[in-house]
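To start, the structure under review is shown below, and the notes come after it.
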Amino acid sequence: MQRLKDVLTNKYGLNLSGWSLTDARGVSADGLTIVGWGKNLDGRFEAWIATIPEPTTIALFVFSVLCLGKRRRVGM
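What follows is the structure in structure tokens.
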């Protein structure tokens, strides 16, 4: 089992420095949205929501970045 903060930071690239995610209260039916409570940068409790991109969205983004990089190399 992994810590939610580690997964959101390492796998999805979210910057959660200074945040302490105390608990997750709910997950959407499709598993792509998680809500909960935590301490923000000021040390105050605040609700948070994390929306995870769908795998197809991630794949499309990676493909677009690769194509853009190839296009720039060819154009130089």
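The numbering of the sequence shown is numbering that gives the first Met the number 0, which starts it at 0 and goes up by one. Built from N, CA and C at the ideal position, the CB exists for glycine as well.
What is the C-beta distance between residue i and residue j, in whole angstroms, given that I count them as a contact (C-beta under 8 Å)?
i	j	result
I48	V26	Contact doesn't hold; Cβ gap of about 11 Å is too wide.
According to DSSP, is residue i helix, strand or coil?
i	result
D29	coil
D22	strand
K10	coil
V73	No answer about V73 holds up, because its pLDDT of 47 lies below 50 and its placement is not dependable.
Considering only residues of the same chain and omitting the five flanking positions on each side of residue i, which have a CB-CB separation below 6 Å?
i	result
K4	L15 and L20
Among the options, which has the Cα closest to the Cα of residue i?
i	options	result
A23	Y11, P52, R43 and L7	L7
E45	D29, W36 and M0	W36
Can you list, in chain order, the residues of its chain with a C-beta nearer than 7 Å to that of residue i? Leave out the 5 residues immediately preceding and following it.
i	result
T50	L31 and T32
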